[in-house]
Amino acid sequence: MSHKLLSKKQLCPNVYMTDIEAPLVAAAARPGQFVIVCLAGGYSERIPLTIAGADAKKGTIRLIWQAVGKSTVELGQLKVGDSVENILGPLGKPTHVEKFGTVVCIGGGIGNAPLLPIATAMKKAGNKVISILGARTRELLILEEDFKAVSDEIIIVTDDGSYGRKALVTGPLDEICQAAPKPGLAVAIGPAIMMKFCCATTKKYDVPTVVSLNTIMIDGTGMCGGCRVEVGGQTKFVCVDGPEFDGHLVNFDLMMKRMQAYKKQEAQALEEYKHKCKIGLDK
Amino acid sequence: MNQQQLLDELLKKHKDGTLKPSDRFNIPPQPMPQQDSVERRKNVNEVALGYTETQARLEALRCLQCKNAPCVEGCPVRIKIKEFITEIVEGNFQKALDIIRENSLLPAVCGRVCPQEVQCQLPCTVGKKFKDVEKSVSIGRLERFVSDWGRKQHDQSSPAVAAATGKKVAVIGSGPGGIVVATDVRRAGHDVTVFEAFHKTGGVMVYGIPEFRLPKAIVQEEIDTLEKMGVKIVRNFVVGRTKTIKQLIEEDGFDAVYVGVGAGLPMFMGIEGEHLVGVYSANEYLTRANLMRAYDFGKGADTPIAMSKRVAVVGGGNVAMDSARTAVRLGAEKVYLVYRRSEKEMPARVEEVHHAKEEGIEFHLLRNPKKIIGNAEGVVTAIECLKFELGEPDASGRRRPVPIEGSEFIIDVDTVVVAIGNGANPLIGQTTDGLTLNKWGNIIVDENCKTSLEGVYAGGDIVLGAATVILAMGQGRTAAAAINEYLKSK
Ligand SMILES: Cc1cc2nc3c(=O)[nH]c(=O)nc-3n(C[C@H](O)[C@H](O)[C@H](O)COP(=O)(O)OP(=O)(O)OC[C@H]3O[C@@H](n4cnc5c(N)ncnc54)[C@H](O)[C@@H]3O)c2cc1C
Ligand SMILES: Cc1cc2nc3c(=O)[nH]c(=O)nc-3n(C[C@H](O)[C@H](O)[C@H](O)COP(=O)(O)OP(=O)(O)OC[C@H]3O[C@@H](n4cnc5c(N)ncnc54)[C@H](O)[C@@H]3O)c2cc1C
Ligand code: SF4
Ligand code: FES
Chain Y
10 MSHKLLSKKQ LCPNVYMTDI EAPLVAAAAR PGQFVIVCLA GGYSERIPLT
60 IAGADAKKGT IRLIWQAVGK STVELGQLKV GDSVENILGP LGKPTHVEKF
110 GTVVCIGGGI GNAPLLPIAT AMKKAGNKVI SILGARTREL LILEEDFKAV
160 SDEIIIVTDD GSYGRKALVT GPLDEICQAA PKPGLAVAIG PAIMMKFCCA
210 TTKKYDVPTV VSLNTIMIDG TGMCGGCRVE VGGQTKFVCV DGPEFDGHLV
260 NFDLMMKRMQ AYKKQEAQAL EEYKHKCKIG LDK
Chain F
100 MNQQQLLDEL LKKHKDGTLK PSDRFNIPPQ PMPQQDSVER RKNVNEVALG
150 YTETQARLEA LRCLQCKNAP CVEGCPVRIK IKEFITEIVE GNFQKALDII
200 RENSLLPAVC GRVCPQEVQC QLPCTVGKKF KDVEKSVSIG RLERFVSDWG
250 RKQHDQSSPA VAAATGKKVA VIGSGPGGIV VATDVRRAGH DVTVFEAFHK
300 TGGVMVYGIP EFRLPKAIVQ EEIDTLEKMG VKIVRNFVVG RTKTIKQLIE
350 EDGFDAVYVG VGAGLPMFMG IEGEHLVGVY SANEYLTRAN LMRAYDFGKG
400 ADTPIAMSKR VAVVGGGNVA MDSARTAVRL GAEKVYLVYR RSEKEMPARV
450 EEVHHAKEEG IEFHLLRNPK KIIGNAEGVV TAIECLKFEL GEPDASGRRR
500 PVPIEGSEFI IDVDTVVVAI GNGANPLIGQ TTDGLTLNKW GNIIVDENCK
550 TSLEGVYAGG DIVLGAATVI LAMGQGRTAA AAINEYLKSK
């Protein structure tokens, strides 16, 4: 079965959003779950991407991705009407949603995409949602309007101060944790290093914190063990036991090392691809 | 005298009825022609090349046609061994193939990967006479010869399908068990859909067992046959997530379900350093290499794999041999196989152990890793092992390996592949209420492969634990018969 791109939008340099036909996945998808996309079947890479939204009636899912390497760059070259051959999912355990009181949702960079359906679900469940969205610089901030719609409060931070506060997400997070009443839950999704420091921050105040991990995956069904992480001293498979875990128990240092496993080969593949296709990657 | 002359002479005696058992014993066991051991380190093509017609008939003539045919007892699906061998002697290869097909649906696969030396060839009278199982009649190679002959005839036919019954059956997983169930249930006229999580069908036969042992094209032909019979195949569909078994029954109207999801949960050793970069489960290593064809990285395949120089593979089964031999083909200069018992206890097929040695893999027997050592970047640099000796037999009947204290030593490696077995994948169990599992997470079935749920059957590795292709097929047959029976009364 092939899956047609029904819309495509560039949200910021190197970040794309598409609504894509996948009726079975759309019908079953819950916040927090992801799919594995395989561009052309055959021997193309299997790319895990979070389901950033689903419309069961239309039979579509929304994917938002950052073009970082060969496969995601190739995905970014597709136009409306083009198709990808395989989409497997929904995978992973859905987010545990209930009334926690105040929920702080912290998104970093592309992490805003998987965070949005979770924030939406938390709001629906009657929580007060405070969103902290961080980006390196103004033009890299995505989904601000969508977050506004589901948040009671929204705080924007940029590394260079070009928009919102000049701070890291951990700045406002620390303040929110200090205020009474303490948040009932924090959800942090973004680069591993950001999640690590968010967890270090909330730990001080004993605020339970959920993170969504994006380790390297192959099958996504618990068969290969490639996505394994150490959580509370135990081996867990992100694709079936996660992708969400108690952030205070995750061994982030190990995870960050494992994510670098193929750095050299990935760089080589991207170089060759760019060369072959003569594509000018957007600046 | 060349082989052809020998064969002609023997056939003449055979016709005259003057071929004596002693003549048969004098026929040299036919070796398997194979790719040169140096050349094949550089390619992924099949290693064993298959018998010539002359060889096959000579080997077939070694069979004594024992009245009681003890070989058949050793075969899990009871192939009529002496009957099909007779037909080979006579040159009636089509007949031989038909006889095998009565009991085995995937002879080209079984002829290649069955552990014959512990099944049909173990009780063979000829091997007993020579007190050497390797001198038994090479039943597996003959089975392979016949099926390869059949494939060369470009036979496009597929099994006949009975008139439509209007009943629908879902088969979950496209491994050997699933393929057999789909065939047998479809033959009875039911509407069959196979659901497969991967984008390629064939189960372990395509993502685990490497091309050099079982070419993908052979498995693909079986899938093509299924499609020709009108079996629907849905790839990229993970039952339990895309839809649950309950939904398949209640929403999609499936009347019966076969669960053949295999044993896909890799086990680790639980030692220090197991999460370092460069430590793989055999499943990941083999999937990257086989299914994603990482050996063609940059030449059409996008999935990378470690470009290792020194690899240690831990384990002694087929999975370990396949990993070690794959590492060789990926260009590793040194490949060590680390196994905690001795060669005698190795569960791998004898033939594959031979092949591995020929390809230069170094065996470290009675050794086991104690910890994995890495550098500041978290990348593997070495393993520290302990030496072992064999003690009393344990529950498995094999002698228990006992570590020798203070015997630690270090092997420098950049990659470690852990091939110590697979547990049951928990997904189906977690998402199917009322399905009874044992304490290891395997599905419990009765003698008809029926589970605790009405209309739901299961077989293969998810029931047996990591087992074999032929056992999965055997259970598939049983389950299919039970499903056909069940649907009659429904
Ligand atoms: C559960 C999950 C959800 C994700 N959701 C999103 C999302 O919504 N949007 C988004 O932009 N990205 C998401 N990612 C990350 C995305 O899958 C990777 O960026 C992508 O696979 C990189 O592929 P590439 O070939 O373009 O880059 P490469 O050059 O191959 O790799 C670039 C970096 O991406 C990571 N990566 C590489 N291969 C994989 C792989 N198979 N699985 C996971 N990470 C890999 C590595 O850290 C690597 O250094 C998610 C990852 C996971 C595991
Ligand atoms: C490397 C290796 C080498 C081996 N060598 C040999 C050998 O030489 N000889 C031998 O006899 N045996 C060998 N085996 C064992 C043999 O391959 C297995 O016993 C056999 O394949 C089991 O068959 P199965 O039908 O149970 O399913 P499997 O072959 O395990 O296939 C199960 C299929 O189900 C799919 N699946 C899983 N979960 C789901 C889900 N939820 N929804 C949809 N699909 C799903 C999987 O993707 C897979 O394709 C080897 C195994 C390995 C790993
Ligand atoms: S036991 Fe050996 S010799 Fe006897 S019938 Fe079987 S294959 Fe032939
Ligand atoms: S991706 Fe293979 S086990 Fe998680």
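Note that the protein sequences, when read in sequence, are chains Y and F.
Just so you know, my numbering puts 245 at position 236 of the first sequence, and the rest follows in order with no gaps.
Just so you know, my numbering puts 525 at position 426 of the second sequence, and the rest follows in order with no gaps.
Each residue gets a CB set at the ideal place from its N, CA and C atoms; glycine is no exception.
Please read all numbers here as calculations on a predicted model, not as lab measurements.
Would you check whether ligand 3 has a heavy atom nearer than 7 Å to the C-beta of residue i?
i, result
"PRO169 of chain F", "yes"
"CYS165 of chain F", "yes"
"CYS209 of chain F", "no"
"ILE180 of chain F", "yes"
"ILE238 of chain F", "yes"
"CYS174 of chain F", "no"
"CYS484 of chain F", "no"
I'd like to confirm something about residue i: is its beta-carbon nearer than 7 Å to some heavy atom of ligand 1, or not?
i, result
"LYS456 of chain F", "no"
"GLU186 of chain F", "no"
"ILE165 of chain Y", "no"
"LYS283 of chain Y", "no"
"VAL360 of chain F", "no"
"ALA122 of chain Y", "yes"
For a cutoff of 8 Å on Cβ pairs, would you count residue i as touching chain Y?
i, result
"THR264 of chain F", "no"
"GLU383 of chain F", "yes"
"SER256 of chain F", "no"
"LEU536 of chain F", "no"
"ASN524 of chain F", "yes"
"GLY363 of chain F", "yes"
"GLY414 of chain F", "no"
"GLU476 of chain F", "yes"
"ASP290 of chain F", "no"
Residues of chain Y with CB under 8 Å from residue i, in chain order?
i, result
"ASP401 of chain F", "TYR52, SER53, GLU54, LYS79, SER80 and ALA278"
"SER380 of chain F", "CYS233, GLY234 and GLY235"
"VAL376 of chain F", "LYS266, ARG267, GLN269 and ALA270"
Who are the neighbours of residue i on chain Y, taking C-beta pairs under 9 Å?
i, result
"LYS342 of chain F", "LEU33, ALA36 and ALA37"
"MET391 of chain F", "TYR52, SER53, GLU54, ARG55 and ILE227"
"PHE367 of chain F", "GLY234, ARG237 and THR244"
Return yes when the C-beta of residue i is under 7 Å from any heavy atom of ligand 4, and no when it is not.
i, result
"CYS47 of chain Y", "no"
"CYS233 of chain Y", "yes"
Is the Cβ of residue i closer than 8 Å to any Cβ of chain F?
i, result
"THR179 of chain Y", "no"
"ALA270 of chain Y", "yes"
"ASP291 of chain Y", "Note on ASP291 of chain Y: pLDDT 45, under 50, position unreliable in the model; no value is reported."
"LEU259 of chain Y", "The sequence given here places Val at residue 259 of chain Y; Leu does not occur at that position. So no, VAL259 of chain Y is outside the interface."
"THR244 of chain Y", "yes"
"GLN187 of chain Y", "no"
"GLU281 of chain Y", "yes"
"GLY251 of chain Y", "no"
"GLU107 of chain Y", "no"
"THR211 of chain Y", "no"
"LYS205 of chain Y", "no"
"LEU100 of chain Y", "yes"
With residue i and residue j assumed to form a contact (beta carbons below 8 Å), what rounded beta-carbon distance in angstroms separates them?
i, j, result
"THR402 of chain F", "GLU54 of chain Y", "5 Å"
"ILE519 of chain F", "MET368 of chain F", "6 Å"
"PRO123 of chain Y", "ILE198 of chain Y", "5 Å"
"MET232 of chain Y", "ASN524 of chain F", "7 Å"
Please indicate yes or no: does the CB of residue i lie closer than 7 Å to some heavy atom of ligand 2?
i, result
"CYS213 of chain F", "yes"
"MET391 of chain F", "no"
List, in chain order, every chain F residue whose beta-carbon is nearer than 7 Å to that of residue i.
i, result
"LEU97 of chain Y", "ALA296, ASN335 and VAL337"
"GLN274 of chain Y", "PHE396 and PRO403"
Could you name the residues of chain F that residue i contacts, counting a contact when the two beta carbons are closer than 9 Å?
i, result
"CYS47 of chain Y", "HIS298 and ASN335"
"LEU182 of chain Y", "Ordered by position in chain F, no residue passes the 9 Å Cβ test against LEU182 of chain Y, which lies about 28 Å from the chain."
Quick one: which chain Y residues come within Cβ less than 7 Å of residue i?
i, result
"THR386 of chain F", "ILE227, ASP228 and CYS233"
- Should the stretch 239 to 254 of chain F be called in touch with the stretch 192 to 201 of chain F, which here means at least 3 C-beta pairs below 8 Å? Below 8 Å, enough C-beta pairs join the stretch 239 to 254 of chain F and the stretch 192 to 201 of chain F to call them touching: three or more.
Problem set entry | At least three beta-carbon pairs within less than 8 Å, the stretch 360 to 380 of chain F to the stretch 463 to 482 of chain F | Result yes; three or more Cβ-Cβ pairs closer than 8 Å.
I want to know whether the stretch 206 to 222 of chain Y touches the stretch 172 to 186 of chain Y - three or more CB-CB distances under 8 Å. yes
For this session: Flag this pair as touching only if the stretch 380 to 398 of chain F and the stretch 269 to 278 of chain Y have three or more C-beta atom pairs under 8 Å; answer yes or no.
Result: yes
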